[in-house]
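The block underneath contains the structure these notes are about, expressed in structure tokens.
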Amino acid sequence: MALPTLRIIGFILGIFLITLAIGMVLPMLTLVIYEHSHEIEPFVWASMITLSAGVALILPGRPEQVQLRPRDMYLLTTASWLVVCLFAALPLNLLQNISYTDAFFETMSGITTTGSTVLSGLDSASPGLLMWRSMQQWLGGIGFIGMAVAVLPLLRVGGMRLFQTESSDWSEKVMPRSHMVAKYIVAIYVGFTLLGILAFHLAGMGWFDAINHAMTSIATGGYSTSDASLGKFGPAVHWVAIVLMLLGALPFTLYVSTLRGNRQALLRDHQVRGFLVMLTLTCLLFGLWYWLHSEQALMDALRIVTLNVVSVVTTTGYALGDYTQWGGFAVMVFFYLTFVGGCSGSTSGGLKVFRFQVAYVLLKSSMRQLIHPRAVLKQQYNGHNLDEEIVRSILTFSFFFTVTIGVIALGLSFIGLDLITALTGAATAVCNVGPGLGPIIGPAGNFASLPDSAKWLLSIGMLLGRLEIITVLVLLTPSFWRH
29 MALPTLRIIG
39 FILGIFLITL
49 AIGMVLPMLT
59 LVIYEHSHEI
69 EPFVWASMIT
79 LSAGVALILP
89 GRPEQVQLRP
99 RDMYLLTTAS
109 WLVVCLFAAL
119 PLNLLQNISY
129 TDAFFETMSG
139 ITTTGSTVLS
149 GLDSASPGLL
159 MWRSMQQWLG
169 GIGFIGMAVA
179 VLPLLRVGGM
189 RLFQTESSDW
199 SEKVMPRSHM
209 VAKYIVAIYV
219 GFTLLGILAF
229 HLAGMGWFDA
239 INHAMTSIAT
249 GGYSTSDASL
259 GKFGPAVHWV
269 AIVLMLLGAL
279 PFTLYVSTLR
289 GNRQALLRDH
299 QVRGFLVMLT
309 LTCLLFGLWY
319 WLHSEQALMD
329 ALRIVTLNVV
339 SVVTTTGYAL
349 GDYTQWGGFA
359 VMVFFYLTFV
369 GGCSGSTSGG
379 LKVFRFQVAY
389 VLLKSSMRQL
399 IHPRAVLKQQ
409 YNGHNLDEEI
419 VRSILTFSFF
429 FTVTIGVIAL
439 GLSFIGLDLI
449 TALTGAATAV
459 CNVGPGLGPI
469 IGPAGNFASL
479 PDSAKWLLSI
489 GMLLGRLEII
499 TVLVLLTPSF
509 WRH
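As structure tokens, then:
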């Protein structure tokens, strides 16, 4: 790769690090407001180190007349998430006196909006630490939306690529300039966050808890200010969290379309309708099952099940009680739900709903072809033709998604973890869900007791899952690095 290209990538990374250093001011202000000024020093040092690294990267200047090609965007995307995580882990390392491995794991989990944690005692933790964790997820959520809109279509693995095909480009339908689309998305994201803060406060949360949970709910991240997660709060808070998680799991470009006058954009989208119907049926049927097999009142059973199901499907990671104690059937249902994910172009991880819908279209077409061998059948989804390129890209992603989980699970087993911990740990990392299953990393546990090697392997899984795998794997091909 040419030196000018590396210089411009370094320049952009420097801007990211300077922004990150400035962002550390907010937890510092939080410490001052809550009279924890003695805890500011770790944030000051972390901010100075991050700022220095950022300035060092931008000092050579931006090369003139150098444009980033699509292939360069893959390197920039992967490098930016890695570099930001490396420096964002510093406050945790310095403030909590935990190892850098634990700090990096917590940060990678935060910025990829996974929600797995190695920390306990959150109810009495530093307010600056809690604010920093929530900020990581909030920034990671909006960062992934930007990547889904700008980068993944180039790789032809993201859902936005599908929505571009056989129609005018989505940016022409939404707004003519991509930077204007980005401004709208940021405004919507901030607006949902502010509404979430107000709604949580009206539901009974204090302002500090409301701010933190609004950021992690809309980002579908799942970090909480309590070890009991949302179990610490009342039913009204649970319903607010459900609504915010759903808002974060829908395509943000369709929100832009709605604001621009297309009032039916969300309602007419097959992915959105399929996602909401699937969630509604799952919550109702599973809720009735839980009501019949527990001592909960019907509405309480539906609320508990709905929050846990929505949290897992949207890959948020909140928990309301230990659902692994509900029996083998419930555990299996939650394991299956781990892979679903939200909509493409949202803050959610997972396989994404549209891939399941496309798979159903392909299955139905194949069955018809067997019955009518000479028929010429059209394969369509959401009003668009499914050409060979789209089908190939979806199959390729789904294959490597499954293989990645299998390889990471095998690695965790080699390290010494039991079958349930290894398999569900790999799945929850790549799907960016948060808690796994079993007594160690289930909703009532955390990842603190895992070996350091397992934490680094899971961190790789989180990054691969958040960047939809192919974005990272393309960097490992020799042809990518040829001049």
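Residue numbers (our numbering): 29 to 511.
Glycine included, C-beta positions come from ideal geometry on N, C-alpha and C.
Here the structure is a predicted model, which means the values were calculated and not measured.
Would you report the Cα separation of PRO98 and VAL502, rounded to the nearest angstrom?
PRO98 and VAL502 have their alpha carbons spaced roughly 12 Å apart.
Under 8 Å by Cβ, that's how I've got LEU34 and VAL111 pegged, so tell me the actual separation to the nearest angstrom.
That pair is no contact at about 13 Å.
Considering only residues of the same chain and omitting the five flanking positions on each side of ILE170, which have a CB-CB separation below 6 Å?
TYR217
Where TYR388 falls: helix, strand or coil (DSSP)
Of the three classes helix, strand and coil, the one that applies to TYR388 here is helix, per DSSP.
Who are the near neighbours of PRO263 in its chain, counting only those whose CB is closer than 7 Å to its CB and skipping five residues on each side?
ARG331
Using a threshold of 9 Å, state whether the C-beta atoms of LEU348 and LEU258 are closer than that.
yes
Which residue comes first and which comes last in the alpha helix (DSSP H) that contains GLY302?
298-320
According to DSSP, residues forming a beta bridge with GLN408:
ASN413
Residue ranges of each beta strand (DSSP E) run of no fewer than 3 residues wholly in the region 209-284, ordered along the chain?
none
Could you tell me whether the region 287-307 touches the region 397-406, where touching means 3 or more Cβ pairs closer than 8 Å?
In short, these stretches do not touch, since the Cβ pair count stays below three.
For PRO155 and THR58, believed in contact at Cβ under 8 Å, the rounded distance:
Cβ-Cβ separation between THR58 and PRO155: approximately 5 Å, consistent with a contact (criterion under 8 Å).
Do GLY82 and ILE43 have their C-beta atoms within less than 9 Å of each other?
yes
Does the pairing of the region 156-167 with the region 128-138 give three or more beta-carbon distances under 8 Å?
yes
On the three-state DSSP scale, how would you describe VAL500?
helix
Please work out which residues of its chain come closer than 7 Å, Cβ to Cβ, to ALA472, disregarding the five sequence neighbours upstream and downstream, and give them in chain order.
ASP350
Alpha carbon of GLU200 to alpha carbon of GLY51, nearest angstrom:
Note that GLU200 has pLDDT 37, beneath the 50 cutoff, so the model's placement of it is unreliable and the number below is only indicative. Those two C-alpha atoms are separated by around 34 Å.
Thinking C-beta only, is TYR346 closer than 9 Å to GLY462?
For the 9 Å CB-CB criterion, GLY462 and TYR346 form a contact.
Determine, using beta-carbon pairs with one atom in the region 271-278 and one in the region 362-380, whether at least three such pairs fall under 8 Å.
The region 362-380 and the region 271-278 touch, with three or more beta-carbon pairs separated by less than 8 Å.
Three-state secondary structure (DSSP) at ASN336?
helix
At what residue ranges does the region 111-162 contain a whole run of the alpha helix (DSSP H), taking only runs of 4 or more?
118-124, 128-139
Give the secondary structure of ALA472 by DSSP, where H, G and I count as helix, E and B as strand, and everything else as coil.
coil
Report yes if the CB atom of PHE521 is closer than 9 Å to the CB atom of ARG383, and no otherwise.
Outside the shown range of the chain, which is 29 to 511, sits residue 521, and nothing can be said about it.
Residues near CYS113 by beta carbon distance below 6 Å, same chain, minus five either side:
THR135, MET136, ILE139
Need the endpoints of the alpha helix (DSSP H) that VAL458 sits in, please.
Following the DSSP letters along the chain, one finds VAL458 inside the alpha helix (DSSP H) bounded by residues 447-458.
How far does the alpha helix (DSSP H) with ALA482 in it extend, from its first residue to its last?
480-494
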